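Single-structure report; data block below.
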Amino acid sequence: MPAPVDPRDTRWEVDTPIYRVYFWHRPAAEPGSDQERMGWHCSEWRLTDVADVHEVLAWANGPDGRGRVFELYVEASHSDGLALLRLAGTTSDAARR
Numbered sequence: 258m259p260a261p262v263d264p265r266d267t268r269w270e271v272d273t274p275i276y277r278v279y280f281w282h283r284p285a286a287e288p289g290s291d292q293e294r295m296g297w298h299c300s301e302w303r304l305t306d307v308a309d310v311h312e313v314l315a316w317a318n319g320p321d322g323r324g325r326v327f328e329l330y331v332e333a334s335h336s337d338g339l340a341l342l343r344l345a346g347t348t349s350d351a352a353r354r
């Protein structure tokens, strides 16, 4: 739900964020096996030196993505270490079907 915000409430921002794209795919089942029982495989990619999130989405939805379902994150530094902020996608099995 949109709400007004005070832009002075943040402490820092990153002009050139680093993104991660996790592509999900289910390998083909062996003959006689149930495809729905196959586990999911994930291929993780880190994207640097990109113009913006639109370039990342174009890459993920383009030939390199090969139509696979994906999750999109931006990396963020935190006092506990590196964090990932989800921008798009889901880890839900239902969304990957």
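Take the sequence shown: its letters are residues 258 to 354, numbered as in the working numbering. Just so it is clear, CB atoms sit at the ideal spot from N, CA and C, and this is done for glycine as well. A quick note: this is a predicted structure, and the numbers were derived from the prediction, not measured.
- Leu344 is a Cβ neighbour of Leu329, given a cutoff of 7 Å.
- In this structure Glu332 is in contact with Pro274, their Cβ atoms being roughly 7 Å apart against a cut-off of 8 Å.
- With contact defined as three or more Cβ pairs closer than 8 Å, the stretch 259-275 and the stretch 285-302 are not in contact.
- When the five nearest sequence neighbours on each side are left out, the beta carbons in the same chain lying within less than 7 Å of the beta carbon of Pro284 are those of Met295, His298, in order along the chain.
- Taking the Cα positions, Ser300 is about 11 Å away from Asp321.
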